[in-house]
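Asks:
In our numbering, the protein residues as written are -16 to 465.
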């Protein structure tokens, strides 16, 4: 037998993968009401033109036990990265169980506690949490490479297939449908709304938690002054929280409105002048920027009035020997690493990362009974580092802009409502960048009237903050109920 024949024989003998599901009946009390539901943990195949599985996507669905669910709302949720599983939205805010974390403080000692989530939205919508290929327990199959799913276009196509297959399998085509994405998950949600609309699948609402839609608003790069303008209110909020401003603002929201006005009407025009900005005006602006951010005026002058994120995170509390968090600037850590990248040493990530990692593995295997020995990939840095941001042959250059896709979906579907949830202390996707994005979705009344915004005194994962998580639930219930 030739080597080729041997390999073919091995392929035939190898057992074919099968889709798995594990279900259980559970209940939770939300708002004084007992909600009985079915939890389903399982996999769905993504298939090729020959109907052969290319990948298996892991998901967890929660469906309320009602006589007829055919018209009950269903929300498809995912996180971002790219390279993140859905654990954060799943065990942080939307699902019926959540991690009991310590908010803006060091993580509690193990073991991590998982408790009933009184702020779950399961009472008003069924929930499907999706782990894209390469995250969670989702993986490529056979000769398919996981990287084949790791571009904006391929990612959206694969998640859309999961949504449509789950909808068909569960007879939910008549249900109002919502998409919920956090961070890069918002990028996915914006483009996904348009992709689904192109395939005749209309969604009723898109929830954008700490949205990354227009990447020009987020990338500090030579020649791109927009992030400096849009991060400024977040810097001001952070300085206020850590007591670095004198006098301290009495009303945070009112103070930030003043900073927003200054950023747009005075700071942005000054940056556009570049070297033509008069010295006297530059010095005056440096003093005002220092008063708003707690960063010394000399640093603002030395940096040409441009203090990028990494420098801000390191400089604000340097005298204390501390760095402030990127994902949530209320968090602080030891200023020990000499790096310009705040993501390399972000206390707002590494404090919750451990508790959520152990919690999801325990919850899925012990509470839901899904047997799997492989490690659940909470965050796949290899997926993130290997992400193909531009399509092969795309000569346009420029920045990713999922807002354009979202606008197209809103134009095609006038009943589509978009909800931006933003944390004041988010320095990964700053709240004012979301405001800018919302303002640029369109001037048409049919679009402006369908955009809602909410702001919370927390960070990227605002649901780590108890009061913000409770308010987020109220805002989402209002959205889903219309």
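A virtual CB, placed ideally from N, CA and C, is assigned to each residue, including glycine. This structure is a prediction, so every number in the text was calculated from the model and none was measured.
Quickly, what does DSSP pair residue 122 with across the bridge? List them, please.
Replies: Answer is 39, bridged to residue 122.
Asks: Jot down the residue ranges of each uninterrupted beta strand (DSSP E) in the segment 295 to 368, minimum 3 residues, whole runs only, in chain order.
Replies: 305 to 307 and 315 to 317, all fully within the segment 295 to 368.
Asks: Residue 117: which of 456, 367 and 219 sits nearest, CA to CA?
Replies: Among 456, 367 and 219, the Cα nearest to that of residue 117 is on 367.
Asks: Mind checking which residues open and close the alpha helix (DSSP H) that includes residue 186?
Replies: No alpha helix (DSSP H) contains residue 186, which DSSP labels as neither H nor E.
Asks: Determine the contact status of residue 74 and residue 81, defining contact as a CB-CB distance below 7 angstroms.
Replies: A contact, by the Cβ cut-off of 7 angstroms.
Asks: I'd like to know whether the C-beta atoms of residue 448 and residue 437 end up nearer to each other than 7 angstroms.
Replies: For residue 448 and residue 437, no; Cβs fall outside 7 angstroms.
Asks: Within the same chain, show all residues whose beta-carbon is closer than 6 angstroms to that of residue 280, passing over the 5 residues directly before and after it, in chain order.
Replies: Closer than 6 angstroms at the Cβ level, and outside the excluded window around residue 280, lie 269, 270 and 273.
Asks: Looking at the structure shown, is residue 218 part of a helix, part of a strand, or coil, going by DSSP?
Replies: Residue 218 falls in the helix class under three-state DSSP.
Asks: So for residue 463, helix, strand or coil by DSSP?
Replies: Residue 463: helix per DSSP, three-state reduction.
Asks: Does the beta-carbon distance from residue 218 to residue 276 come in below 7 angstroms?
Replies: Yes.
Asks: Could you check which residue in 254, 257, 216 and 227 has the C-alpha nearest to that of residue 239?
Replies: It is 216 whose Cα lies nearest to the Cα of residue 239.
Asks: Could you name each continuous beta strand (DSSP E) segment of 3 residues or more that falls completely within the segment 75 to 114, going from the start of the chain to the end?
Replies: The qualifying runs are 80 to 82, 97 to 99 and 109 to 113.
Asks: Taking the CB atoms as reference points, tell me whether residue 49 and residue 353 lie closer together than 7 angstroms.
Replies: The answer is no: Cβ separation not under 7 angstroms.
Asks: Taking residue 456 as the reference, which of 2, 47 and 77 has the closest Cα?
Replies: Among 2, 47 and 77, the Cα nearest to that of residue 456 is on 77.
Asks: Helix, strand or coil for residue 444? Go by DSSP, reduced to three states.
Replies: In this structure, residue 444 counts as coil in the three-state DSSP scheme.
Asks: Alpha carbon to alpha carbon, how far is residue 265 from residue 253? Give it in angstroms, no decimals.
Replies: When rounded, the distance between both Cα atoms is 8 angstroms.
Asks: Okay, do the segment 165 to 172 and the segment 187 to 205 touch, 3+ Cβ pairs below 8 angstroms being the bar?
Replies: Touching, yes.
Asks: With a CB to CB cut of under 8 angstroms and the five nearest residues on each side skipped, what residues in its chain are close to residue 478?
Replies: Only positions -16 to 465 of the chain appear in the structure, and residue 478 is not among them; the question remains open.
Asks: Residue range of the alpha helix (DSSP H) that residue 245 falls in?
Replies: Segment 235 to 245, the alpha helix (DSSP H) holding residue 245.
Asks: Would DSSP call residue 406 helix, strand or coil?
Replies: Note: residue 406 maps to strand in three-state DSSP.
Asks: I need the DSSP call for residue 132, collapsed to helix, strand or coil.
Replies: Three-state result, residue 132: helix.
Asks: Would you call the segment 50 to 64 and the segment 25 to 37 touching, i.e. three or more CB-CB distances under 8 angstroms?
Replies: Not touching, per the Cβ criterion.
Asks: What's the gap between the Cα of residue 296 and the Cα of residue 304?
Replies: Rounded to the nearest angstrom, the two C-alpha atoms are 11 angstroms apart.
Asks: Looking at the unbroken beta strand (DSSP E) that takes in residue 382, where does it start and where does it end?
Replies: Looking at the DSSP string, residue 382 is not in any beta strand (DSSP E), and its letter there is neither H nor E.
Asks: When you compare each of 165, 1, 210 and 137 to residue 289 by their alpha carbons, which one comes out closest?
Replies: Minimum Cα distance to residue 289 is reached at 210.
Asks: Give the secondary structure of residue 69 by DSSP, where H, G and I count as helix, E and B as strand, and everything else as coil.
Replies: If DSSP states are grouped into helix, strand and coil, residue 69 belongs with coil.
Asks: Considering Cα atoms alone, identify which of 284, 176 and 155 is closest to residue 258.
Replies: With distances taken between Cα atoms, residue 258 lies closest to 284.
Asks: Would you call residue 433 buried or exposed, if buried means 16 or more other Cβ atoms sit within 10 Å of its Cβ?
Replies: Label assigned to residue 433: buried.
Asks: Compute the distance between the beta-carbons of residue 65 and residue 167, then report whether it is under 7 angstroms.
Replies: For residue 65 and residue 167, yes; Cβs fall inside 7 angstroms.
Asks: Out of 431, 412 and 450, point me to the one whose CA is closest to residue 202's CA.
Replies: The shortest C-alpha separation from residue 202 is found at 412.
Asks: Excluding the 5 residues preceding and the 5 following residue 104 in the sequence, name in chain order all residues of the same chain whose CB lies nearer than 8 angstroms to its CB.
Replies: Cβ within range, chain order: 58, 77, 110, 456, 459, 460 and 463.
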